[in-house]
Every structure is written in C-alpha cells, then in structure tokens.
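Notes follow the structure.
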Amino acid sequence: MSHAAAPLIAATLAILVRWGGDPGSEAFRADLERSLDDAVVGSCFAHVNPAEDDPAAAQGDLVLTLVLSNVIDETRFDDSIAAALNPGEPTNELRREARFGVDVAVSLVATATGAAVVERKFHADESRRPVMIGEDPQAYARARAVERIVGDVRKALCGSSGEKRIRQALSGSPAR
22 MSHAAAPLIA ATLAILVRWG GDPGSEAFRA DLERSLDDAV VGSCFAHVNP
72 AEDDPAAAQG DLVLTLVLSN VIDETRFDDS IAAALNPGEP TNELRREARF
122 GVDVAVSLVA TATGAAVVER KFHADESRRP VMIGEDPQAY ARARAVERIV
172 GDVRKALCGS SGEKRIRQAL SGSPAR
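Using my numbering, the first residue of the sequence shown is number 22, and each one after it goes up by one.
Written out as structure tokens, the structure is:
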C-alpha cells in the first residue's frame, strides 16, 4: 500500500538564522540557512524566503527563527602543540580531533497572529578525527552539524505533528 505525499503547505516561510551573543562564522550561518531552505522548499513548504540575518527581511506567513549561540569550534591535539606543528612529520595531522558544537533555539511563529507554532532548543555537537592525510576534519564537523540541525528542524516542521500545528495556525484554528 502506498501513501500519497501530503500536499505542500501553501504558505510562505521566512527563514531567519542569526547569532545570539558572540557571533560565530558567517559562512556557517549562511550554509545553515541555505541548507534549511533546500530542505523544506518543495518537500513541505511551497515558498521559502530567506531573510539572510536581517529580521526586517523576514517576510512570510510564518517566520522560522534559529538563534545560534555558545559555539565551540576547536581542534584538539593528541601531541604537544610543538610536536603537532612539526613540519617534517605529516602523520601528525592524524593525531588531532576537530570539534564543532552550537546551541540552537528554534521558533516558528504565525505572522498573522504572532502565535508560536513550534519552539525547540537543542545542542548540535560533532567531532571528527581525520582518517587520511590532507582531510579537513573541521569542515567535516561543521558540515555534520549543519546536517543535524537541518534534520531536526525539518522533522519538527514537516513531521506529522508539526505540519498539523502549522496548518491549524494558518487556518486560525486553535492548536491541540
């Protein structure tokens, strides 16, 4: 038995991804926003309007805001720094671990009523040890953090309970 895909939510979703407190990498923020856009447009929303870190540009029937904070972006070395930076030993690259973590506060608000439809907080934390010389474990850890955040947000919005709350908010019905 096959199930028909649910019709797209016929509303414009404005996506605002911003740093709270100390700002982190603008490239990470932009990658996350782009990935969120790609993940929800055409799969659960008909239209997405990225706000590019500008709250005034967040125009839509629904506004999805992600506030990123407490970023950890570091490399830990198994050896002393002096040994790790020894240019004559390329295998030193393999004796390090890249870590990337960030706190994420997600809120989805219906523009017409100002009512919160979805609210969620979580921490995305990824680490990576290189498996070959020349690999960039920091880029891998950041990319995995983006994937994790996008997956969690997409599930909250496009999953059956999230979608039901969104449709109720857009129709003006009280959420249950």
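Even for Gly, the Cβ is constructed at its ideal location relative to N, Cα and C.
Exposed or buried, which one is residue i when buried takes at least 16 other CB atoms within 10 Å?
i, result
"Ala166", "buried"
"Pro28", "exposed"
"Glu147", "buried"
"Asn70", "buried"
"Pro44", "exposed"
"Gly183", "buried"
"Ser23", "For Ser23, the predicted structure reports a pLDDT of 41, less than 50, and the residue's modelled location is therefore unreliable. The matter cannot be settled from this model."
"Glu54", "buried"
"Ser56", "buried"
"Ala48", "exposed"
"Ala31", "exposed"
"Pro158", "buried"
"Asp214", "The displayed coordinates of the chain run from 22 to 197. Any statement about residue 214 would go beyond what the structure contains."
Starting from residue i and walking both ways along the alpha helix (DSSP H), at which residues does that stretch end?
i, result
"Ser192", "181–192"
"Arg55", "47–61"
Strictly by DSSP, which residues pair up with residue i?
i, result
"Thr134", "For Thr134, which the question treats as bridged, DSSP gives no partner whatsoever."
"Glu95", "Arg120"
"Ala166", "In DSSP, Ala166 forms no bridge with anything."
Which of the three DSSP states, helix, strand or coil, is assigned to residue i?
i, result
"Asp157", "coil"
"Leu34", "strand"
"Glu73", "coil"
"Ala175", "Going by the sequence as given, residue 175 is Arg instead of Ala. Note: Arg175 maps to helix in three-state DSSP."
"Arg120", "strand"
"Arg141", "strand"
"Arg150", "coil"
"Ser64", "coil"
"Leu29", "coil"
Could you tell me the alpha carbon to alpha carbon distance between residue i and residue j, rounded to whole angstroms?
i, j, result
"Phe98", "Ile154", "15 angstroms"
"Arg150", "Arg169", "18 angstroms"
"Leu85", "Glu95", "29 angstroms"
"Ala77", "Tyr161", "33 angstroms"
"Leu87", "Gly135", "16 angstroms"
"Leu89", "Gly193", "30 angstroms"
"Val130", "Phe66", "15 angstroms"
Can you name the start and end residues of the beta strand (DSSP E) that residue i belongs to?
i, result
"Asp43", "First-last for Asp43: undefined, no H or E at that position."
"Asp82", "Counting along the chain, Asp82 falls outside any beta strand (DSSP E), and DSSP gives it neither H nor E."
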